[in-house]
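See structure below.
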Amino acid sequence: MASEQLDLRLGQLALARGVLGLSALIEAATRAGELGLSLGEALLSCESIAPDDLRELERDLALLTEDRFEEVLAHGDTLILENLESHRVAHTLDLMETPGPHASSPSVSSFDDGSSAVDAHAGRTPTLTNFGGAELQQDGTTASPPGSGAHAEARYDFVDELGRGGMGQILLAGDQLLEREIALKTLLPDTDNPSAHSRLLAEARLTGRLEHPSIVPVYDVGWLHHGSPYYTMRVVRERSLAAILDELREGSASNYSLTQLVGIVRQVCLAIQYAHDAGVVHRDLKPDNILIGSYGEVFVIDWGIAKVLRGDDPHTSTLPRGTLVGTPQYMAPEQAQGHNDQVDERTDVYALGAILYEVLTLEAVFESRTVLSLLISIIQDEPVSPSRRAPSRQIPRTIEEIALRALAKEPHDRYESAQALADELNLFLEGVKERERQRGQALQLVKEAHQSRALYQEARHDLAQAIRRRDELRRSIPSWASPQEKSALWELEARVDQLGVEAEKRFGEVTRQLSQSLGYAPLNEAHDALAELYWERFLQAEAAGDHATATYFESLVRQHNTGAFDQRLSGEAALEVDTLPSSATLQLWRVSESQRRLVSQPIGSPGHAPEAFEHLPHGAYALHVSAEGYAPLELPLALDRLAHVQVRVPMWPRASVPEDFVVISAGAFRAGAHDALSLEQEVVELDAFALQRTPVTCGQYVAFLNAIADDDPDLARRHAPRVRDDMPSYFPLEDGRYVVPRQDADGDAWDPQWPICIINRIDALAYIAWRSEIDQRAYRLPSSMEWEKAARGVDGRLYPWGHHFDASFCHMRESAPGKSMPKPVGSTPTDRSPYGVLDMAGNIAEWTSTPADSAAGTYVLRGGSFNSFPLMCRLDWHQTSPEHYRHVHYGFRMALDLRR
1 MASEQLDLRL
11 GQLALARGVL
21 GLSALIEAAT
31 RAGELGLSLG
41 EALLSCESIA
51 PDDLRELERD
61 LALLTEDRFE
71 EVLAHGDTLI
81 LENLESHRVA
91 HTLDLMETPG
101 PHASSPSVSS
111 FDDGSSAVDA
121 HAGRTPTLTN
131 FGGAELQQDG
141 TTASPPGSGA
151 HAEARYDFVD
161 ELGRGGMGQI
171 LLAGDQLLER
181 EIALKTLLPD
191 TDNPSAHSRL
201 LAEARLTGRL
211 EHPSIVPVYD
221 VGWLHHGSPY
231 YTMRVVRERS
241 LAAILDELRE
251 GSASNYSLTQ
261 LVGIVRQVCL
271 AIQYAHDAGV
281 VHRDLKPDNI
291 LIGSYGEVFV
301 IDWGIAKVLR
311 GDDPHTSTLP
321 RGTLVGTPQY
331 MAPEQAQGHN
341 DQVDERTDVY
351 ALGAILYEVL
361 TLEAVFESRT
371 VLSLLISIIQ
381 DEPVSPSRRA
391 PSRQIPRTIE
401 EIALRALAKE
411 PHDRYESAQA
421 LADELNLFLE
431 GVKERERQRG
441 QALQLVKEAH
451 QSRALYQEAR
461 HDLAQAIRRR
471 DELRRSIPSW
481 ASPQEKSALW
491 ELEARVDQLG
501 VEAEKRFGEV
511 TRQLSQSLGY
521 APLNEAHDAL
531 AELYWERFLQ
541 AEAAGDHATA
551 TYFESLVRQH
561 NTGAFDQRLS
571 GEAALEVDTL
581 PSSATLQLWR
591 VSESQRRLVS
601 QPIGSPGHAP
611 EAFEHLPHGA
621 YALHVSAEGY
631 APLELPLALD
641 RLAHVQVRVP
651 MWPRASVPED
661 FVVISAGAFR
671 AGAHDALSLE
681 QEVVELDAFA
691 LQRTPVTCGQ
701 YVAFLNAIAD
711 DDPDLARRHA
721 PRVRDDMPSY
731 FPLEDGRYVV
741 PRQDADGDAW
751 DPQWPICIIN
761 RIDALAYIAW
771 RSEIDQRAYR
781 LPSSMEWEKA
791 ARGVDGRLYP
801 WGHHFDASFC
811 HMRESAPGKS
821 MPKPVGSTPT
831 DRSPYGVLDM
841 AGNIAEWTST
851 PADSAAGTYV
861 LRGGSFNSFP
871 LMCRLDWHQT
881 SPEHYRHVHY
891 GFRMALDLRR
């Protein structure tokens, strides 16, 4: 059995045995919830029970079966004074059953008689024969016994009983003097208790001084012939709110809308505020005590256990601490704990909130099988929101929040007065509160969205960092590495996937909050925030060349654009160009996609520097610059939206740039991954340099071997292409000279214009040293970043020709049928970079000067080869290899620093 159930049974048995009182039990149960104790531990902590008594209870509880436990509570040891289904009770509550919302809700107190004018409407009309000592005759009149105070009996004709409680009854009578029906409340005939007399008179005086249209008026007060006090009041024949709610539960009161019911609660609030202003707290507000007339009248009845806050009223204001007063289902937490000294106007506000909650949901705030567990729920548990409790009722959020605030556990968290609650209900009824709440909720969601966006940006940053680390690790691990060597890479790849999902979740949360905000109110703040969010994704897709996604997000930006994005969406840029030397010839080319490649088209006619270009669509451009005596330049440009770019182009004398080299101008470019997962590219700034247009060829390399063979044949043999040092060179010796084989041992015909292959980095450096000496230039290997810039330009493209891959655009394993073999350099014109460099994505992988691991002697190679897979043709891809390692796919090209 669950610990909560054991605690509840322990409490029930303790009450049934009379070991402790209800208030002490509730105090201990509250402490148990706060401190995480069992009920037994809390009882000992509060010193509410002796240890021996607790052990006895626990022992007996362990021996009782389910049926026996119920029997003991129902018939054996339970000290039940009254059944809660019918009457109020004194001191001890029936712990076995509590009335649900379909039944009337009796009150409890230590002094009240419990009779009410509404009892007749609840179907409780027992027939009695004795009314205050007067005998009811067949004709409805009464005969007074000798010596009775006949002044009351002479004025009133007693007709019937409307209801009765533990000590009192309400009679229907005819007022002969005013010729009207009245309700007369008095004590039962056998009640001879002076304090009961005084309490009934106090109730009459209290009710009598509350003159309000929604409070049943008191007409008269006096004594019957045998000395029992009475007071008379208006006969209330209207239906109770409880009856209306019952009909709604059954589906037979469709004429009462939610707005009408809330209006009724508002009228009750105003009546209660009137009582509070008079210093009176009702303490027993519930649907049974709210009557609705056929003309819209609303009455609050049964002030029998009201508390007077000001003035002398010893019967209702000075109850002992721990005495429970009120109806359990509508008790505020301070009432449920018996803290009567804390009962004030906000206690009634809680009951009004409980009534409002039931109006909204047709269910009580808390329901439980036993009074004890019900009281503990009131003290400890938070109410379930009305919309969750009754989703089919379609409860507006505004009225739900009003009800929950009124039901706050702490009095200071509730509405400060019944008037304040009535005002909130009035605003709801007028619709103003709803609109204000919606705007406030919308603003709150925008605020939360800004916080969520910060988390989204953080997730994007983490993803970008992980992608960089993944790419760096990919470059450092060769494809032939063992699974153990690749395990760290695989973990990082899984991390990238995880972070990608997390970033998308964050993005979705921001869009959800902002979209939900617009559902509440059409705030420009939400539109602008969504437009900014979609703008980032639009730029990302546009830069990656994902035109479909870019178009989608652009349409979302336009949808939420309030004017702030007009200029950005137009995207026009401006360009100013000057050259050194001046007056060079300029031709601007617009770069656009055609047939899955980026191609250039000239804009206007050639001009001369300096020149300004206005109103240019944003995007990629190429500037062709030429001047007499200088090497021609192709300068790729990326003009961002609204950018005003000023470019000063230095030119290089033709003699400083070898004929087979291309100038790569100084400046920044976007490096690294740039696809759906890459959120940020690294911006790298490089000085100007020149790069060989095509890789070094077999014919050029043979010339090197023969040149050094004249001086050192062994050195030439060591640098000759071969897979291993102990194998013969692929370049055979004919008449003492190395030649490119017309057919090798595998039967493959070689072409001198093939890129040199099967050489290591040491071989490449040897060739470069020889060539530098011959040409009197300081050639070198390009760095990894220099190679990448020369291959992709400045617009972040993924391949030399653009953003899309096709095997026909470069030379790789899928470019031609049959066995993969090299091709003559420069024979694939589509594999051309924005600077005019060829064979960057295929044909041969190229050594660079960038170390991958200096200690291990590994270096980075860039570009795909004739046998590469598509992934290896990407410009953000690289591989690493020991510098002494030769492979059929390894070759190189030379770079040159530019000096004036």
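Note that UniProt numbering has the sequence shown beginning at 1, numbered continuously upward.
C-beta atoms are modelled at their ideal positions from N, C-alpha and C, and glycine is treated no differently.
Note that the structure is predicted; figures quoted are calculated from it, not measured.
Starting from residue i, follow the beta strand (DSSP E) in both directions and report where the run begins and ends.
i: Q601; result: R597 to P602
i: T511; result: Looking at the DSSP string, T511 is not in any beta strand (DSSP E); the run it does join, the alpha helix (DSSP H), is P483 to Y520.
i: M233; result: P229 to R234
i: A690; result: F689 to Q692
i: L637; result: L633 to L639
i: G222; result: V218 to W223
i: K185; result: R180 to L187
i: E682; result: E682 to L686
i: R590; result: T585 to S594
i: L616; result: E611 to P617
Could you compute how far the alpha carbon of residue i sits from the alpha carbon of residue j?
i: A526; j: Q513; result: 9 Å
i: L898; j: D660; result: 14 Å
i: R266; j: L374; result: 27 Å
i: L639; j: L838; result: 25 Å
i: A574; j: Q700; result: 45 Å
i: A183; j: G174; result: 9 Å
i: A643; j: V794; result: 15 Å
i: S605; j: V647; result: 19 Å
i: E297; j: V236; result: 11 Å
i: R474; j: V501; result: 21 Å
i: R453; j: R460; result: 10 Å
i: T551; j: D497; result: 25 Å
i: S417; j: C269; result: 9 Å
i: S392; j: W490; result: 50 Å
i: L13; j: L177; result: 56 Å
i: F689; j: Q567; result: 37 Å
Pick from the options: whose alpha carbon is nearest that of residue i?
i: P522; options: R777, I756, H560 and P695; result: H560
i: G440; options: G519, L492 and E416; result: G519
i: R164; options: Y534, L201, L187 and N193; result: L187
i: I477; options: V298, L13, A24 and Y859; result: Y859
i: L569; options: F553, S228 and I215; result: F553
i: R693; options: W535, A790 and H276; result: A790
i: W652; options: R641, G672 and A631; result: A631
i: N843; options: E814, G857 and A28; result: E814
i: I603; options: V591, R596 and P610; result: V591
i: residue 902; options: Q335, V281 and P581; result: As displayed, the chain neither begins before 1 nor continues past 900, which places residue 902 out of reach and without an answer.
i: K185; options: M872, L248 and I301; result: I301
i: D806; options: E238, C873, A275 and D284; result: C873
i: E410; options: D712, V343, H226 and L871; result: V343
i: I467; options: L492, D725 and H450; result: L492
i: Y415; options: A449, A351 and E430; result: A351
Span of the alpha helix (DSSP H) holding residue i?
i: Q540; result: N524 to A544
i: Y350; result: E345 to T361
i: Y552; result: H547 to H560
i: W847; result: Per DSSP, W847 belongs to no alpha helix (DSSP H); it is in the beta strand (DSSP E), A845 to D853.
Taking 8 Å as the threshold (beta carbon to beta carbon), is residue i in contact with chain D?
i: H618; result: The structure shown contains no chain D; it holds only a single protein chain.
Since residue i and residue j are thought to touch, with beta carbons under 8 Å apart, how far apart are those beta carbons, to the nearest angstrom?
i: L362; j: L245; result: 6 Å
i: D876; j: D471; result: 7 Å
i: L586; j: V599; result: No, L586 and V599 are not in contact; Cβ-Cβ is about 20 Å, not under 8 Å.
i: S820; j: N867; result: 4 Å
Touching by the beta-carbon criterion (3+ pairs, under 8 Å), the stretch 497-510 and the stretch 401-421: no
Inter-stretch contact (C-beta, 8 Å, three-pair minimum) for the stretch 697-711 and the stretch 748-761: yes
Any 3 or more C-beta pairs closer than 8 Å across the stretch 795-814 and the stretch 649-667: no
At least three beta-carbon pairs within less than 8 Å, the stretch 769-784 to the stretch 718-731: no
Segment contact flag, the stretch 31-49 with the stretch 345-357, C-beta cutoff 8 Å, min 3 pairs: no
Three CB pairs or more closer than 8 Å across the stretch 759-770 and the stretch 870-885: yes
Stretch pair the stretch 723-738 + the stretch 660-670: three plus CB contacts closer than 8 Å: no
Sufficient close CB pairs (3 or more, under 8 Å) joining the stretch 330-338 to the stretch 377-385: yes
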